[in-house]
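The working numbering puts the first residue of the sequence shown at 4, with every later residue one more than the last.
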Amino acid sequence: KATPLAEKVAAEKGVRLEGVTGSGVGGRITREDIERAEVPAAAPVIGTTIPFAGMRRMVAQNVEASARSAVHVTLVTEVDMTECVRLRERLLPEVERTHGVRISFTDMIAFAAARAILQKPIVNASLHGDKIVVPDAVNIGIATSVEGGLMVPVVKNAHTKSLAEISKEIKALAERARTGKATSDDLSGGTFTITNLGPYGIDSFTPIITPGQSAILAVCRIAEKPVIIDGGIKIRSMMNLCLTFDHRVMDGAPAAEYLAVLRGMLEKPETELFAGSSA
Numbered sequence: 004k005a006t007p008l009a010e011k012v013a014a015e016k017g018v019r020l021e022g023v024t025g026s027g028v029g030g031r032i033t034r035e036d037i038e039r040a041e042v043p044a045a046a047p048v049i050g051t052t053i054p055f056a057g058m059r060r061m062v063a064q065n066v067e068a069s070a071r072s073a074v075h076v077t078l079v080t081e082v083d084m085t086e087c088v089r090l091r092e093r094l095l096p097e098v099e100r101t102h103g104v105r106i107s108f109t110d111m112i113a114f115a116a117a118r119a120i121l122q123k124p125i126v127n128a129s130l131h132g133d134k135i136v137v138p139d140a141v142n143i144g145i146a147t148s149v150e151g152g153l154m155v156p157v158v159k160n161a162h163t164k165s166l167a168e169i170s171k172e173i174k175a176l177a178e179r180a181r182t183g184k185a186t187s188d189d190l191s192g193g194t195f196t197i198t199n200l201g202p203y204g205i206d207s208f209t210p211i212i213t214p215g216q217s218a219i220l221a222v223c224r225i226a227e228k229p230v231i232i233d234g235g236i237k238i239r240s241m242m243n244l245c246l247t248f249d250h251r252v253m254d255g256a257p258a259a260e261y262l263a264v265l266r267g268m269l270e271k272p273e274t275e276l277f278a279g280s281s282a
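Next comes the structure, spelled out in structure tokens:
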């Protein structure tokens with residue numbers, strides 16, 4: 004038992020009545036008992052202080068600058084990757100034997116993205132003052148997670164390279180980035196960026212445009228889903244692509260048209276992507 008005043012003071016001081024011995028009549032807890040009681044120490048905060056410096060600060064400055072300057076809009080489309088999955092399975096042994104590289108879905112999407120840009124080059128543009136500049140070269144940056152932050156090494160002239168060449172270059176660039184051996188040339192000159200969080204099970208996200216560019220393509224996981232085809236239900240390998248673009252440089256329609264072209268290439272890779280050419 005405690006007096007009403009003792010209960011009020013205990014609540015204010017954070018004192019548990021169960022641990023207080025009362026000195027009042029019949030062992031009743033008084034205000035004085037509460038004031039003499041020892042307030043339990045706060046539990047220590049367990050954690051680590053990470054310096055906001057170096058690469059982390061540089062990444063923060065870049066994304067903040069982009070978020071403040073570009074007008075970000077994101078479009079999402081669902082792609083049936085079933086034929087791409089089958090094609091990759093067929094190409095793997097051949098490309099490994101002839102080129103010594105194991106192609107990934109990131110490689111295939113980068114290969115397709117570069118060729119889709121040739122049809123819709125506005126997504127490859129950049130804003131310079133009062134001019135929108137559309138470069139001839141398609142230089143694809145590949146967002147790469149490294150210790151302490153993020154790097155975006157660039158595959159130069161990706162539109163001129165085979166799938167195997169792009170695959171080799173992406174892997175070499177990523178290795179140099181992760182081991183701290185990336186050169187300034189490796190990290191400069193990008194005109195369009197691809198970021199892939201599919202391996203983490205991500206279904207959709209809205210990436211921030213790389214400063215100096217006007218669009219970035221987010222690649223999500225490939226998952227088997229039931230899809231209605233010709234009135235019947237079939238299991239297909241489905242994937243979301245999310246295109247974030249700068250609305251100052253382009254409107255929604257051309258950005259959507261680019262996604263439609265890319266989707267068509269990935270859904271029918273043998274006829275739309277590799278027709279007349281090899282990996």
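Just so it is clear, CB atoms sit at the ideal spot from N, CA and C, and this is done for glycine as well.
Here residue 125 is actually not in contact with residue 268; their C-beta atoms are around 17 Å apart, not less than 8 Å. Residue 192 sits in coil when the DSSP states are folded into three classes, being neither helix nor strand. Looking at the DSSP output, residue 32 shares a beta bridge with 5. Looking at the DSSP output, residue 49 sits in no beta bridge, so it has no partner there.
Taking residue 259 as the centre and dropping the five residues before and after it, the same chain places the C-beta of 78 closer than 7 Å to its C-beta, in chain order. Boundaries of the alpha helix (DSSP H) harbouring residue 177: 166-181, taken from the DSSP string. In this structure residue 64 is exposed. Its beta-carbon is surrounded by fewer than 16 other beta-carbon atoms within 10 angstroms. Judged by DSSP secondary structure, residue 146 falls outside any alpha helix (DSSP H); it is assigned neither H nor E. Nearest neighbour of residue 119 by Cα position, chosen from 195, 16 and 55, turns out to be 195.
Of all C-beta pairs linking the stretch 95-111 to the stretch 160-176, three or more are shorter than 8 Å, placing the two stretches in contact. For residue 152, the beta-bridge partners assigned by DSSP are 149. DSSP places residue 83 in the uninterrupted beta strand (DSSP E) bounded by 75-83. When DSSP states are grouped into helix, strand and coil, residue 124 belongs to the helix group. Non-local beta-carbon contacts of residue 215 in its own chain, meaning distances under 7 Å to residues more than five positions away in sequence, involve 129 in chain order. Beta bridge pairing from DSSP links residue 161 with no other residue.
Between residue 242 and residue 230, the gap from beta carbon to beta carbon reaches 8 Å or more.
Put simply, the stretch 175-184 touches the stretch 131-149. At least three CB pairs are less than 8 Å apart.
Setting aside the 5 residues that flank it on each side, residue 73 is surrounded in the same chain by 212 and 249, each with a C-beta closer than 6 Å to its C-beta; the list follows chain order.
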